[in-house]
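Engineer: Okay, so the sequence shown: first residue is 52 according to my numbering, each after it adds one. Every residue gets a Cβ at the ideal spot worked out from N, C-alpha and C, and that includes glycine.
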Amino acid sequence: MVFLRLADLTRHGTDILFPHCCAACGKKLFGISERKICENCSGDITFLQHPVCRICGMELVGDKVRENLCGECLGNPPPFLLARSVVRYSTPVQKLLYGLKYGKDTSVLPGIAEIISHFDMALFDQCDYVLPVPLHPRRLRQRGLNQSVLLAKIFFQERAQTILNANSLLRTRNTVPQTTLDGGMRRKNLKGAFAMVNKVGIGEKIVCLVDDVYTTGTTVTECSRVLLYHGAREVRVLTLTRVKMAQCSS
């Protein structure tokens with residue numbers, strides 16, 4: 052007990068002298084070393100609330116919902132079975148992803164893992180394989196990492212053996228960043244932009260696609276079509292965050 056108390060005192064002393072910082076905003080976190088995100092940023096992070104569209108996972112509002120489907124999925128269902136996101140797109144989440152994608156700042160990963168730890172993975176327990184959405188080789192060289200690979204390792208940390216090499220699915224063109232395009236141009240931009248390089252036994256298997264942000268679903272739709280064409284039984288999609296269409300300027 053004495054040793055435990057001394058260890059606690061040492062840890063708290065270290066926290067005071069060398070406080071770590073919020074993964075999102077950089078604010079110093081005194082004496083709460085188990086937390087990775089400060090209270091202010093945590094308060095701005097909102098987990099998606101039910102009911103959600105049973106296909107694309109968009110939050111549903113109002114009493115005119117038919118068959119638990121949003122209007123888009125009701126009229127034009129995507130090729131994947133379902134998609135789910137952990138949280139709404141917000142400033143803290145944007146900062147975490149921006150630092151990771153464009154600054155190669157892997158110190159934000161514990162903060163992202165803290166968010167993901169609250170997510171129920173039950174819908175993805177049946178997935179045979181996990182495939183991170185690939186980057187074009189040129190963009191991967193520029194960034195130095197693929198954020199979807201790192202997210203997949205957090206989501207499926209206890210099933211790492213099921214994560215396929217992102218290069219199994221090839222991004223054949225270095226497309227214009229999707230954030231600069233509207234919905235119609237997004238679809239045109241990514242049409243035919245993916246090809247299967249290594250089928251790695253996906254025939255009749257359930258594949259989970261992992262990406263960072265779900266906006267219009269164009270990227271995962273194109274990836275899903277390729278996977279299904281090459282024999283996957285079904286595709287499920289998992290992203291860290293989702294942009295509400297009303298929020299989306301792209």
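Quick one: which unbroken beta strand (DSSP E) runs of 3-plus residues sit fully inside the segment 138–183? Chain order, please.
Structural biologist: Runs found: 180–183.
Engineer: Have a look at GLN208 and LEU125 and give me their C-alpha separation to the nearest angstrom.
Structural biologist: Stepping through the sequence shown from its first residue, residue 208 is reached at position 157. Stepping through the sequence shown from its first residue, residue 125 is reached at position 74. Those two C-alpha atoms are separated by around 34 Å.
Engineer: Quick check: the segment 195–202 against the segment 148–160, are there 3 or more CB pairs under 8 Å?
Structural biologist: A contact exists between the segment 195–202 and the segment 148–160.
Engineer: Considering only residues of the same chain and omitting the five flanking positions on each side of HIS281, which have a CB-CB separation below 8 Å?
Structural biologist: Here residue 281 corresponds to residue number 230 of the sequence shown, with the count starting at 1. These residues qualify, in order along the chain: MET247, LYS250, ILE253 and GLY254.
Engineer: With respect to the beta strand (DSSP E) encompassing THR290, which residues constitute its N-terminal and C-terminal limits?
Structural biologist: Residue numbering aside, residue 290 sits at position 239 when the sequence shown is read from its first letter. Run containing THR290: 285–293, per the beta strand (DSSP E) assignment.
Engineer: Figure out for me which residue from ASP263, LEU191, ASN216 and LYS204 has the closest Cα to the Cα of VAL137.
Structural biologist: What you label residue 137 is simply residue 86 of the sequence shown in a count that begins at 1. Cα-wise, what sits closest to VAL137 is ASP263.
Engineer: In terms of alpha-carbon separation, which member of ALA74, VAL103, THR97 and LEU215 lies closest to CYS89?
Structural biologist: As a first step, residue 89 must be located in the sequence shown, where it is residue number 38. The shortest Cα separation from CYS89 among ALA74, VAL103, THR97 and LEU215 belongs to ALA74.
Engineer: Buried or exposed, going by whether 16 or more other CB atoms sit within 10 Å of the CB of ARG189?
Structural biologist: On the sequence shown, residue 189 is found 138 positions in, with the first residue counted as 1. Classification of ARG189: exposed, given that the 10 Å Cβ count is below 16.
Engineer: Using a threshold of 8 Å, state whether the C-beta atoms of SER275 and VAL261 are closer than that.
Structural biologist: As a working note, residue 275 is residue 224 in the sequence shown. As a working note, residue 261 is residue 210 in the sequence shown. No; because the gap between Cβ atoms is not below 8 Å, this pair is not in contact.
Engineer: Anyone know if the C-beta pair for LEU289 and PHE131 falls short of 8 Å?
Structural biologist: On the sequence shown, position 238 is the one that residue 289 refers to. On the sequence shown, position 80 is the one that residue 131 refers to. For LEU289 and PHE131, no; Cβs fall outside 8 Å.
Engineer: Suppose you measure from the CA of VAL103 to the CA of ALA134; what does that come to, to the nearest Å?
Structural biologist: Here residue 103 refers to the residue found at position 52 when the sequence shown is read from its first residue. Here residue 134 refers to the residue found at position 83 when the sequence shown is read from its first residue. Distance between the alpha carbons of VAL103 and ALA134: 10 Å.
Engineer: What whole-angstrom Cβ distance do LEU182 and VAL258 have, given they're in contact under 8 Å?
Structural biologist: Sequence index remark: in the sequence shown, residue 182 carries index 131 (1-based). Sequence index remark: in the sequence shown, residue 258 carries index 207 (1-based). About 6 Å; that satisfies the 8 Å criterion.
Engineer: VAL277: which of THR157, HIS101 and PRO129 sits nearest, CA to CA?
Structural biologist: For this step, residue 277 is matched to residue 226 along the sequence shown. When each option's Cα is compared against that of VAL277, the closest is PRO129.
Engineer: Quick check on GLU110: does DSSP put it in helix, strand or coil?
Structural biologist: Within the sequence shown, numbered from 1, the residue matching residue 110 stands at position 59. Three-state DSSP puts GLU110 in a strand.
Engineer: State the Cα-Cα distance for the pair GLU118 and HIS71, rounded to the nearest angstrom.
Structural biologist: For this step, residue 118 is matched to residue 67 along the sequence shown. For this step, residue 71 is matched to residue 20 along the sequence shown. Going by the C-alpha atoms only, they are around 47 Å apart.
Engineer: According to DSSP, simplified to helix, strand and coil, what is ILE88?
Structural biologist: In the sequence shown, counting from the first residue as 1, residue 88 sits at position 37. Note: ILE88 maps to coil in three-state DSSP.
Engineer: Would you check if the distance between the CB atom of ALA283 and the CB atom of LYS256 is smaller than 8 Å?
Structural biologist: In the sequence shown, the residue the question calls residue 283 occupies position 232. In the sequence shown, the residue the question calls residue 256 occupies position 205. Yes, Cβ-Cβ distance for ALA283 and LYS256 is below 8 Å.
Engineer: Is ARG105 helix, strand or coil by DSSP?
Structural biologist: Along the sequence shown, one-based indexing puts residue 105 at 54. The answer is coil: DSSP assigns ARG105 none of H, G, I, E or B.
Engineer: Hey, out of LEU191, THR213, LEU186 and ILE214, whose CA is closest to THR270's CA?
Structural biologist: What you label residue 270 is simply residue 219 of the sequence shown in a count that begins at 1. Looking at the Cα atoms, LEU186 is the closest of the given residues.
Engineer: Use the C-beta contact count for LYS87: other C-beta atoms within 10 angstroms, 16 or more gives buried, fewer gives exposed.
Structural biologist: The residue labelled residue 87 in the question sits at position 36 within the sequence shown. When all chains shown are included, LYS87 counts as buried.
Engineer: Between which two residues does the alpha helix (DSSP H) holding VAL200 run?
Structural biologist: To locate residue 200, count along the sequence shown from 1; it is residue 149. 198–206 is the span of the alpha helix (DSSP H), which, as asked, contains VAL200.
Engineer: Spatial neighbours of THR223 within its chain, please: C-beta separation below 7 Å, excluding the five flanking residues on both sides.
Structural biologist: Here the question's residue 223 lines up with position 172 in the sequence shown. So the qualifying residues of the chain are ALA244, PHE245 and ALA246.
Engineer: Nearest to THR267 by alpha carbon, out of LYS78, GLY108, CYS92 and VAL144?
Structural biologist: Locating residue 267 in the sequence shown gives position 216, counting from the first residue. THR267 has its Cα closest to that of GLY108, out of LYS78, GLY108, CYS92 and VAL144.
Engineer: Could you compute how far the alpha carbon of ARG139 sits from the alpha carbon of GLN177?
Structural biologist: Translated into the one-based positions of the sequence shown, residue 139 becomes position 88. Translated into the one-based positions of the sequence shown, residue 177 becomes position 126. Taking the straight line joining both Cα atoms gives about 25 Å.
Engineer: Is LEU202 closer than 8 Å to LEU339 when the C-beta atoms are compared?
Structural biologist: Because the chain is modelled from 52 through 301, residue 339 falls outside the range shown and cannot be assessed.
Engineer: I'd like to know whether the C-beta atoms of ILE352 and ILE96 end up nearer to each other than 8 Å.
Structural biologist: A query on residue 352 cannot be resolved here, the shown segment of the chain reaching from 52 to 301 and no further.
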